[in-house]
Amino acid sequence: MLLTWLLLLPSLGIAQPQVSISRELSGQSLMPYAGYWQASTDTESLAVPLDVPWQPLKATTANFGTHHGALWFRINIRAEQPLSDWQLVIDNPILDQVDVYLVRQEQLLGHWQLGDKQVFAKRPVASHWFQLPMRVSRPGAYQIFIRVKTQGSLQLSAALWHENDLQEEQANTYLLTGAYAGFIVAILLYNWFIYIANRERYTLYYIGFIASYLLFYLAIEGFGFQFLWPESVWWQQRATLVGMAAGALFSCLFANHFLGLKRHYRRSLYRLNQLAKYGSWLALIATLVLPFALALQLTMVAVVIIALSAAVNGIRASLDKRRSAIMYSAGWLLLFFGVIVHIIARQGWLPMYPWVANTSHLGFILLVIVHGVAIAMRFHQQRREYLATQQRLLQSQREALRTRFQAQEAEIKRQQSEAEQQAQSQFLAMMSHEIRTPLNGVLGMTELLQDTPLNAEQQRLTDTISRSGSSLMTTLNDVLDISKIRSGKLEINKDSTNLDALISDCLMLYQHSAAEKGLTLTGRFELPLWQYCHTDSSRLRQIISNLVSNAVKFTHQGHIEVRVSYPHGGLQIDVEDSGIGIDPSYQSQLFDHFSQADRSTSRHYGGSGLGLSICQQLAQLLGGNITVRSQPNQGSCFTLQLANVEATDAFDGSGLAGTAVALELPHQHPLKALCEHAISCGSLTPSEQAELRIAGADAGLRIFAQQSIALTPPITTLQLLRACQQAQQTAPSTIIAPASPQPQQQQCIWVAEDNAVNQTVVAGMLRHLGYPYRLFDNGQKLLDALTEVSKPALILMDCEMPELDGFDATLAIRQHHPTLPIIALSAHALPEFRQRAYQSGMNDFVTKPIKRQQLADALAQWLK
Numbered sequence: 012m013l014l015t016w017l018l019l020l021p022s023l024g025i026a027q028p029q030v031s032i033s034r035e036l037s038g039q040s041l042m043p044y045a046g047y048w049q050a051s052t053d054t055e056s057l058a059v060p061l062d063v064p065w066q067p068l069k070a071t072t073a074n075f076g077t078h079h080g081a082l083w084f085r086i087n088i089r090a091e092q093p094l095s096d097w098q099l100v101i102d103n104p105i106l107d108q109v110d111v112y113l114v115r116q117e118q119l120l121g122h123w124q125l126g127d128k129q130v131f132a133k134r135p136v137a138s139h140w141f142q143l144p145m146r147v148s149r150p151g152a153y154q155i156f157i158r159v160k161t162q163g164s165l166q167l168s169a170a171l172w173h174e175n176d177l178q179e180e181q182a183n184t185y186l187l188t189g190a191y192a193g194f195i196v197a198i199l200l201y202n203w204f205i206y207i208a209n210r211e212r213y214t215l216y217y218i219g220f221i222a223s224y225l226l227f228y229l230a231i232e233g234f235g236f237q238f239l240w241p242e243s244v245w246w247q248q249r250a251t252l253v254g255m256a257a258g259a260l261f262s263c264l265f266a267n268h269f270l271g272l273k274r275h276y277r278r279s280l281y282r283l284n285q286l287a288k289y290g291s292w293l294a295l296i297a298t299l300v301l302p303f304a305l306a307l308q309l310t311m312v313a314v315v316i317i318a319l320s321a322a323v324n325g326i327r328a329s330l331d332k333r334r335s336a337i338m339y340s341a342g343w344l345l346l347f348f349g350v351i352v353h354i355i356a357r358q359g360w361l362p363m364y365p366w367v368a369n370t371s372h373l374g375f376i377l378l379v380i381v382h383g384v385a386i387a388m389r390f391h392q393q394r395r396e397y398l399a400t401q402q403r404l405l406q407s408q409r410e411a412l413r414t415r416f417q418a419q420e421a422e423i424k425r426q427q428s429e430a431e432q433q434a435q436s437q438f439l440a441m442m443s444h445e446i447r448t449p450l451n452g453v454l455g456m457t458e459l460l461q462d463t464p465l466n467a468e469q470q471r472l473t474d475t476i477s478r479s480g481s482s483l484m485t486t487l488n489d490v491l492d493i494s495k496i497r498s499g500k501l502e503i504n505k506d507s508t509n510l511d512a513l514i515s516d517c518l519m520l521y522q523h524s525a526a527e528k529g530l531t532l533t534g535r536f537e538l539p540l541w542q543y544c545h546t547d548s549s550r551l552r553q554i555i556s557n558l559v560s561n562a563v564k565f566t567h568q569g570h571i572e573v574r575v576s577y578p579h580g581g582l583q584i585d586v587e588d589s590g591i592g593i594d595p596s597y598q599s600q601l602f603d604h605f606s607q608a609d610r611s612t613s614r615h616y617g618g619s620g621l622g623l624s625i626c627q628q629l630a631q632l633l634g635g636n637i638t639v640r641s642q643p644n645q646g647s648c649f650t651l652q653l654a655n656v657e658a659t660d661a662f663d664g665s666g667l668a669g670t671a672v673a674l675e676l677p678h679q680h681p682l683k684a685l686c687e688h689a690i691s692c693g694s695l696t697p698s699e700q701a702e703l704r705i706a707g708a709d710a711g712l713r714i715f716a717q718q719s720i721a722l723t724p725p726i727t728t729l730q731l732l733r734a735c736q737q738a739q740q741t742a743p744s745t746i747i748a749p750a751s752p753q754p755q756q757q758q759c760i761w762v763a764e765d766n767a768v769n770q771t772v773v774a775g776m777l778r779h780l781g782y783p784y785r786l787f788d789n790g791q792k793l794l795d796a797l798t799e800v801s802k803p804a805l806i807l808m809d810c811e812m813p814e815l816d817g818f819d820a821t822l823a824i825r826q827h828h829p830t831l832p833i834i835a836l837s838a839h840a841l842p843e844f845r846q847r848a849y850q851s852g853m854n855d856f857v858t859k860p861i862k863r864q865q866l867a868d869a870l871a872q873w874l875k
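Under my numbering, the first residue of the sequence shown carries the number 12, and numbering increases by one thereafter.
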C-alpha cells in the first residue's frame with residue numbers, strides 16, 4: 012500500500028501548506044505558501060482548475076520573467092473567525108490581466124477582475140496596487156486562486172493586510188514616493204535654471220533624460236495610472252517602455268554634447284554614439300507601433316546595448332584624464348548597473364528581493380549626485396576657457412566699436428540713399444508725365460499727318476519725326492523700368508501665356524522694318540510643340556521684343572530666327588541673327604547700364620544702351636538669365652533661359668501624321684529650312700507627287716490641298732502646321748494675316764481731356780477710326796452732361812484735370828452707371844497710377860503717347 016501511495020504521489024501533486032490568518036500574518040508575502048500551475052495550452056478559459064498538479068513556489072515573489080501564457084496560483088488559508096477588515100494586495104501594478112477567485116469547499120464565493128487592460132475606475136479599491144477587500148463571513152478553510160496573464164515581465168507578490176496596517180503602510184509608501192518624485196522634480200527645475208543660465212544643449216538633454224526617468228518611475232509604480240492617465244489603458248501599457256527608450260535616446264545625446272564626441276573623437280566614439288542614437292530612435296518608435304511583447308524585448312536589448320555604449324564612451328573619454336568625463340562615467344556606470352540588475356531580475360534570472368527591485372531607483376539617485384558634480388566641474392572647465400578668451404574679446408572690442416560706428420554710418424547712408432531713391436522715383440514719375448504729355452501731341456499729330464496726302468519728301472520728314480519720337484519714348488520707358496527694378500516695385504504676375512501668339516506679335520512689330528532691309532523673320536518651335544507656358548507674358552514680351560529689335564537694327568541681310576525649346580523642364584528662347592556680330596572683348600559689358608559694343612555703335616545705330624540691361628534684370632526676376640554667343644561678322648545668338656516653367660497644351664498634329672507633302676521651294680529660298688522643320692515636327696512624308704503642296708508666294712508661302720491658303724510673313728512653325736491642317740479641311744481660300752479691329756461706327760465716344768493738343772490727337776484718331784465723339788475740358792462738364800437719355804457708348808477719361816479729375820469723376824459716374832465702359836488716358840506709367848485707376852472703377856488703362864492701333868484695340872475690346 013505504501014508503494015502504491017508513492018507511485019500516485021507525482022500525479023496528485025505535493026500537498027500545499029495551509030496558512031492561518033492572524034494579525035502576525037498582516038503584510039507578509041503569501042507566495043511561500045502558494046502553489047502554481049500552468050496549463051499545457053494557452054487557453055482563455057477562466058474556470059478554476061481544482062484537480063491539477065500544483066507545484067510549490069517556495070519564494071516570496073513569483074518571478075517568471077517574460078511569460079506569454081496564463082499562470083495559476085493557489086493559496087490555502089484558514090480563518091479562525093469571520094474576516095471583515097482584511098484586504099488582499101498584489102503589489103506589481105503593471106500586470107495586464109489578474110483574476111482573483113475565493114473558493115470554499117469547491118464552491119466559488121467571489122470573482123474579481125483586475126489588471127491594466129481595464130480603466131482605473133473599475134478597480135475595487137482606488138490604489139496604485141491591485142487591491143481588493145477579503146470578506147469571510149464564517150470561519151473555516153478557504154482557497155484563493157489567482158490567474159495572471161501579461162505580455163510583459165511576470166512577477167507576482169501577494170499579501171493579506173489588516174486594514175489598519177495597510178493604511179499605515181500606504182501612508183509610508185505615498186510619503187516616500189512623494190519625497191522621491193519631489194526630489195526628481197527639484198532636480199529637473201534645478202537643471203532647467205542651469206540651462207536658462209548657460210544655454211548648453213547637454214543640459215537640455217540631461218533634463219530630457221530626467222523627465223524620461225520620471226515617466227518610467229510613475230508608470231512602473233502605478234502612480235501614473237492612478238493620478239495622470241486613469242482612462243488610457245494603451246498608454247499605461249506603453250509608458251514604461253517609452254520612458255526607457257526616451258531615456259536611452261537622451262543619454263546618447265547628452266554623451267555626444269557633454270563629452271564633445273564630435274569634436275574630440277569623430278572617427279571612433281562619435282560614430283559609435285551615432286549608431287546608438289539611431290538604435291534608441293528605433294526603440295522609441297517600436298514602443299509606439301510594434302506589438303507590446305516584441306517592443307518590450309527590443310527596448311530591453313536596446314537599453315542594454317546603449318548602456319554599454321555609454322560606458323565605453325565615458326571610459327574612453329576618462330582615459331584623457333578629463334575630470335568631468337571621469338565623473339560622467341562613474342554616474343552612468345552606477346545607473347546602468349542598477350538598470351541592468353533590474354532588467355535581469357525582471358527576466359527571472361535573479362530573485363526579486365526588495366533591494367533588487369529598487370536598484371534602478373538607487374542608481375538614479377547616485378547618478379544625479381555624481382552628475383551634479385560632473386556638471387559643476389564642466390562649468391569650471393568652461394569658466395577657464397571663458398577667461399582664456401576674455402583677452403581676445405577685449406582686444407576685439409575696439410574693432411567692434413569701430414565696426415558699429417561704420418555700421419551706423421552705413422545705415423545713415425542707406426536711409427539717405429532710400430530718400431534719394433524715393434525723390435528720384437517721384438522726379439521720374441513727374442518728368443515722365445511732363446514728357447509724355449507733349450510727346451503724345453508730337454507722335455499723335457505725326458500719325459494723323461501720315462494719313463494725309465504727302466509727297467516723298469514730306470513722307471520722309473514725317474517718318475523721321477515718328478521714329479525720333481518712338482526712340483525718345485523707348486528711352487523714357489527704359490529709364491522708368493530701371494527705376495522700378497531698383498526700387499523693387501516691378502511686379503511679376505505669372506499666368507498662362509500663349510507662346511505662339513506672343514512670338515508672332517513680337518515678330519509682327521518689326522516685320523515692316525525687316526522687310527525694308529530684305530530680312531526674313533521666322534519663329535521655330537521645337538518638339539513637343541508646346542503652345543502655352545506659365546510665366547509673366549508682359550515681361551516675356553518685353554524681353555523678346557527688345558532682342559528682336561536689336562537683331563533687326565544690327566542685321567543688314569539674311570535672316571532672324573526665334574527658336575523656342577524646353578530643355579530640362581525649363582523654357583529656352585534663342586534669338587539668332589546673321590548681323591554684324593559682337594567682338595568677344597565687348598560681350599561681358601553688354602548687360603551693363605548704358606553699355607554697347609563700342610562708342611561707334613551708339614553713334615551709328617543709336618540707342619541708349621539700356622535695353623539689354625533691363626532684359627537681363629527682367630530675366631532674373633523671372634527666374635533665369637540671358638547669355639550671348641557671337642563672333643564679328645558671323646551674327647549673334649541671344650539665349651533666354653528660364654528654369655521650372657510649366658508648359659501645357661502641345662499642338663495636336665495627329666491629323667497630319669503620315670500625310671504626303673510636296674515642298675516646291677528652291678534650295679536658296681529663305682523659308683525652306685522652316686518648312687522642312689515643320690514637315691519633320693508634323694510627321695509629314697516628303698514626296699514629289701502629293702496632294703498637299705507648299706510653294707512660295709511673294710515674300711510668304713501658299714499651301715495647296717483641297718483649297719489654297721496664303722501665309723504672309725512673319726511665319727512660325729505652328730502657323731505653318733495649322734495652315735496645312737486648314738488647307739485639308741476648309742473650303743474658301745484664306746489669307747492668314749493679322750486682323751484689324753472693326754469698330755462699331757454708330758457708337759458715340761465721349762472724351763474728357765483738358766489739354767487742347769491731346770484733344771486734337773484723340774479726336775483725329777477717333778475720326779480716322781470712324782467713331783463719332785464729343786469733347787469735354789474736365790470731368791465735371793462730362794458729369795453734368797451725362798444723363799440716362801444722353802450717355803455715350805464709352806468714355807475716354809484723362810486722369811489729371813482741373814475742377815474734377817478723372818478718378819473722382821469715375822467714382823461719381825459709377826454710382827449711377829456701373830456698367831458704362833471707362834478707359835483711362837494718362838501720361839503716368841507707374842503701376843500705382845494704374846492701380847488707382849482700377850480702384851476708382853475704370854475698366855482699362857492706356858498710357859500716353861497714344862497710338863492709333865492701341866486705341867483701336869481698346870475700343871474694340873470694350874465695345875463688343
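Built from N, CA and C at the ideal position, the CB exists for glycine as well.
Put simply, the region 282 to 298 touches the region 313 to 326. At least three CB pairs are less than 8 Å apart. In this structure, Asp819 is the residue among Ser40, Asp819, Gln872 and Leu309 with its C-alpha nearest to the C-alpha of Gln850.
Between Ile806 and Tyr782, the CB-CB gap reaches or exceeds 7 Å.
Rounded to the nearest angstrom, the Cβ distance from Gln98 to Asp110 is 17 Å, too far for a contact under 8 Å.
Rounded to the nearest whole angstrom, the C-alpha separation of His828 and Leu794 is 11 Å.
Using a Cβ-Cβ distance cut-off of 8 Å, the region 644 to 654 and the region 675 to 689 are not in contact, since fewer than three pairs of beta carbons, one from each stretch, lie closer than that value.
Rounded to the nearest angstrom, the gap between the Cα atoms of Gly529 and Ile833 is 42 Å. Short of 6 Å from the beta carbon of Leu632, and not among the five residues preceding or following it, lie these beta carbons of its own chain, in chain order: Ile503. Uninterrupted alpha helix (DSSP H) stretches at least 4 residues long and entirely within the region 292 to 357 occur at 303 to 329 and 334 to 357, given in chain order.
Note that the C-beta distance between Gly693 and Leu732 is below 7 Å. Inclusion of Ser335 and Gly325 in the CB contact set at 7 Å is not warranted, their separation being larger than that value. If the five residues before and after Ser262 are omitted, its C-beta is found closer than 6 Å to the C-beta atoms of Phe220 and Ala321, all from its own chain and listed in chain order. The three-state reading of DSSP puts Val800 in coil, since its state is none of H, G, I, E or B. DSSP links Ile195 through a beta bridge to no other residue. Contact annotation, His268 with Arg212: C-beta distance approximately 5 Å; criterion of less than 8 Å satisfied. Rounded to whole angstroms, the Cβ separation of Ala684 and Leu540 is 17 Å, and the two are not in contact under 8 Å. Secondary structure note for Met145: its beta strand (DSSP E) is the uninterrupted segment Phe141 to Val147.
Straight-line measurement puts the Cα of Gln402 at about 26 Å from the Cα of Gln419.
At a Cβ-Cβ threshold of 7 Å, Ile101 and Ile32 do not count as neighbours. In this structure Asn789 touches Leu815 by the C-beta definition: roughly 6 Å separates them, less than 8 Å. Rounded to the nearest angstrom, the gap between the Cα atoms of Gly342 and Val350 is 12 Å. Straight through space, the alpha carbons of Leu94 and Trp172 are spaced by roughly 11 Å.
By the Cβ-count criterion, Tyr289 is exposed, with fewer than 16 other Cβ atoms from all chains shown falling within 10 Å of its own Cβ.
By the beta-carbon neighbour count (other beta carbons within 10 angstroms, threshold 16), Phe416 is exposed. Taken through DSSP and simplified to helix, strand or coil, Tyr44 comes out as helix.
The distance from the Cβ of Gly534 to that of Thr728 is about 7 Å, consistent with a contact at the 8 Å cut-off. By the CB criterion at 7 Å, Ile714 and Ala689 fall outside the cutoff.
As summarised for the region 364 to 435, the continuous alpha helix (DSSP H) elements at least 4 residues long and confined to that stretch are 365 to 368, given in chain order.
For the pair of segments examined, the region 238 to 249 was found to touch the region 113 to 133: the number of CB pairs separated by less than 8 Å reaches three. C-alpha of Ile317 to C-alpha of Trp48: approximately 37 Å in a straight line. Residue range Val244 to Phe269 is occupied by the alpha helix (DSSP H) that includes Leu260.
Annotation: the continuous beta strand (DSSP E) that includes Val639 extends over Gly635 to Ser641. With a 10 Å radius around the Cβ and a threshold of 16 neighbouring Cβ atoms, Ser428 comes out exposed.
For Glu675, the enclosing beta strand (DSSP E) starts and ends at Ala671 to Glu675. Assigned with DSSP and collapsed to three states, Trp873 falls in helix. Under the three-state reduction of DSSP output, Ser698 falls in the coil class, being neither helix nor strand.
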